[in-house]
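Below is one structure; the comments refer to it alone.
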Amino acid sequence: MKSNTNFELSPSVIAADRLKQLPLFAGLAFATVVWVLLNVFEHEYLFRVQELSLWLPTKVYFDERMLVPGGLMSYIANFLMQFFYYPMLGSLIYVALLLVVQWLTMVVFRIPARHALLTLIPSVLILCCSMVAGYWIFLIKTQGYFYSMLVGFLFTLSAMRLYQVVKGWWRYLIIIGVAAVGYPCFGFYALLALMGIALWALRRGVEGRGVAALICVAAVVATPILYYGVYEQTRFAAMFTIGMPAFEFSKRDLFTWIPYILLYLFPLVMVFIPLGEKGEAKSASLLLGMGLGEASLLIALLLVFWFRDPNFRAEIKMNHYMERLEWRKALDVAKAQKQTPTRLIVLNRNLSLLKLGKAGDEMFHYLDGGEEQKSPLQIRLMQVGGKMLYYHYGRMNFCYRWCLEDAVEYGWKIDYLKYMVRTSLISGEPELAKKYIRTLKKTLFYRGWAEKYERMADNPSLITKDREMASILPLYQYEDQLDGDNSLVEIYLLNYFAHNYSEFTTPMFDEAALMCALTLKDIPTFWTCFFRYANSHHASRMPIHYQEAALLYGNLEKSVDISKMPFDKMVDARFKDFMRFAQKHAVENVERDPEAKKLFYDRYGNTFWYFYFFIRDVKSY
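Numbering follows the numbering used here, in which position 311 of the sequence shown is assigned residue number 299; successive positions increment by one, without gaps.
Encoded structure:
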C-alpha cells in the first residue's frame, strides 16, 4: 500500500529511522519519573546529603581537593551537591545530567533508536549508586559521594566520544591527554576511559587500532605508577582505584558494590554488542518484546538498589524537622511508623516530647523497641544522630568533641560546622564560634544562617532570646570534669540525667531525669527523680505516665508509701484492671507468646506498664 505521508508503516514492520525520537521521549519520561520520586519520597534525604558535604569558593579548598587524584571530580561533585539545599532544584540538575549521560551513551556506543531504553542503563545505574548508600552517607569518606560517580562517568563517556570524533594522530594526543590530565582530575574514571577507548578501537577496526590499544593499556598501568611520586598522601594500591567509592572490598559490602561494578563494566562490554545497523527493520512484536524486557531490567535495578528502609527515612525526616524546631511534625513521623523503631527514632521522639512538655502524658503512646539499622555497617548512634541529641540535651562538650573527631575522620561538613558554632556560643566562646561562622559565610546557601549567629557572637545577650537556645539552656548544667561516653549516646544520657543530683537543676532538667529513670526501669532512681520532679513542678498536675510508674513500683516493692498520693481515679482504676488482666494471663509467660502479648498491647500498649513488662533486651549502639 502506497501513501504520500511520512508516518504510515507496514502493518508488521517498523523502520528504525521512524523511531528516532524514541530516545528523547524515553529520556524525558525517565527524568520526570525520577524527579518526582526524589521530591516525593527523598526530599529530606537530599537535603541531608548536602548537609553532609561542604564546598567553598576558596583556593585553599580547591588545593585540598587536588591533593589526591580525582580531586577535580570531588570538587565539582561537592559544588553540585550543595544545590540540594533546595531539593527540587538540586534534583532537577541531577536528572538533567542523567539525560546528558543518556545522550552520550547513545552516540558513543551507536545505539539505534529502537533500543532507546538501553541508553538509560548507565543513568539508572548511576541513580542506583547514589541511592544504595543508606547509612553509608554518614561514614563514607568519598568527597562529593552522591555526585562523584555521575561526574566521573560523564568524563569517561566524553573522553571516548572525543577520541571517536577526532581523526589521525590527534587520537594519540587524546589518549595521552586523558592519561596525563584526566587522571589527576578524575582518577579511576580516566583509566576506565582509556580501557573503553582501547576496546572500542579494536572492536571498530579504526586505523592504527593496535597502536592505540597498546598506548591505552600502557597508560592504564603506567599513569598511576608515575603519579605515585606526586601524590604523597595516597597509598600505592589506591592509585589504581582512587575516585571509586570508599567502600571496603569485603563480602559484607558486596551488595553496595554491585551497581558500581555494573556501571564500570557497561562501557567495556557495550563496545562488543552488535545492535544492528541504522534503518534495519524489526517486527513490531519483536520491538515491543525487547522494549518490555529492557524496561523490566531498568525497573528491577531501581527496586533492588534503591535503599527504602522505613526507619532510615523516618530518622532522616525527624532530623529535618527537629533541626527546624518543628517538634510536633517529628512526632508525627514517629507516630506513622508501622514497624519496630530504631533507638534513634525513640530518642528523637522523647526529645521532641520533652521540648513540647508532653513527655509525661505521651511518652508511651508510640511504638517502642530497638530495631537494628538495615545496613551491612556497624552503625553507631553517635554517627547518625548523636550530635543533635547532645546539643539539644545541653551536653555541648560532647557535641563539639564528636563534630571535631568526625571532621578529622570523614572531612568537614556543613552539619559539623553548624553545631560547632552553636555549641561554642552556648559554652561562652564567641571568638571560637566566629572562626566557624567565617567559613559558613563563604558557602552558597548558609551565609544568612551564619550572619544570624554572628550577631549572637557579637552580642551574647541575644543567646537567651533565641527560641532554639532558650530551649537548651535549662538543660545546660556545665560541670568542669572529664568523663566519656564510649560513643554510647543513649546510655550516657540516661545515666547523666537520672543520676545527676546537682542542686542547680531546672524543671526541664528534672523532667528529663524522670524520663530517663523510666527508661532505665531502676526503681530507687525513679523515686529520687520522681520527688525531684514533684518539688520543681509543685504547681502542676502529675502527668499520667509518672502516676502509672508510681502505682506499679509502689505495689511491686512497697519501699515508698503511695497510699496518700493523689492518683487520678481513671489511672488508679485502669491499674487495677491491668493487675487483674496480668494475673489472668500470667505476664511472665506472655512475653514468649506473640498472640498473648498482642492482647496486652491492644489493651495497655499506651501505658508505662506495657513498656515495663514487654519492652526488654533493647540494645543501643
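A virtual CB, placed ideally from N, CA and C, is assigned to each residue, including glycine. Model, not experiment: these values are computed from the prediction.
In the displayed model, residue 530 falls within coil according to three-state DSSP, outside both helix and strand.
Residue range 477 to 486 is occupied by the alpha helix (DSSP H) that includes residue 479. Distances from the CA of residue 604 to each of 475, 539, 29, 507 were compared; the closest alpha carbon is that of 507. In chain order, 128, 129, 130 place their CB closer than 6 Å to the CB of residue 234, counting only its own chain and leaving out the 5 sequence neighbours on each side. A straight-line Cα-Cα distance of about 15 Å links residue 146 and residue 176.
Per DSSP, the continuous alpha helix (DSSP H) segment holding residue 378 begins and ends at 375 to 380.
With contacts defined as CB atoms closer than 8 Å, residue 35 and residue 82 fail to qualify as a contacting pair. Between residue 231 and residue 57, the CB-CB gap stays under 8 Å.
Around residue 595, the same chain offers 352, 533, 536, 562, 566 as residues with beta carbons nearer than 8 Å, after the five sequence neighbours per side are excluded.
Assignment of beta-bridge partners to residue 287 by DSSP yields no partner. Put simply, the region 102 to 110 does not touch the region 336 to 349. Fewer than three CB pairs are less than 8 Å apart. Here residue 351 carries a coil assignment [DSSP, helix/strand/coil]. Here the alpha carbon of residue 317 sits roughly 37 Å from the alpha carbon of residue 284.
Boundaries of the alpha helix (DSSP H) harbouring residue 343: 331 to 344, taken from the DSSP string. Note that the C-beta distance between residue 189 and residue 200 is below 8 Å. Residue 334 is not a Cβ neighbour of residue 320, given a cutoff of 8 Å. Taking C-beta atoms as the reference points, residue 149 and residue 95 count as a pair closer than 8 Å.
No Cβ-Cβ contact shorter than 8 Å links residue 197 with residue 259. Straight-line measurement puts the Cα of residue 278 at about 46 Å from the Cα of residue 399. Under the three-state reduction of DSSP, residue 163 is assigned to helix. No residue range can be given for residue 581, since it is assigned to no alpha helix (DSSP H) and is classified by DSSP as neither H nor E. With a threshold of 16 other beta carbon atoms within 10 Å, residue 384 meets it and is buried. Here the region 15 to 22 does not lie against the region 49 to 65, with fewer than 3 beta-carbon pairs under 8 Å apart. By the criterion of at least three beta-carbon pairs nearer than 8 Å, the region 441 to 453 is not in contact with the region 493 to 507. Excluding five sequence positions before and after residue 211, the CB atoms of its chain that fall closer than 6 Å to its own CB belong to 167, 171, given in chain order. Taking 8 Å as the cut-off, the Cβ atoms of residue 486 and residue 517 count as close.
Cβ-Cβ distances below 8 Å link residue 464 to 382, 384, 414 in the same chain, with the five nearest sequence neighbours on each side left out; the list follows chain order. According to DSSP, residue pairing for residue 230 in a beta bridge involves 232. Taking all protein chains shown into account, residue 184 has 16 or more neighbouring C-beta atoms within 10 Å of its C-beta and is therefore buried. For residue 242, the enclosing alpha helix (DSSP H) covers residues 242 to 258.
Pairing residue 37 with residue 162 gives a Cβ-Cβ distance that is not under 8 Å. For residue 187, same chain residues with a beta-carbon under 7 Å away, outside a window of 5 residues either side, are 256, 259 in chain order. Excluding its 5 nearest sequence neighbours in each direction, residue 441 has C-beta neighbours in its own chain below 8 Å: 409, 410, 413, 421, 425, listed in chain order. Taking the CA atoms as reference points, residue 108 sits about 21 Å from residue 133. Taking a contact as a CB-CB distance under 8 Å, the pair residue 294 and residue 116 counts as one, their CB atoms being some 7 Å apart. For residue 91, the enclosing alpha helix (DSSP H) has its first and last residue at 75 to 96.
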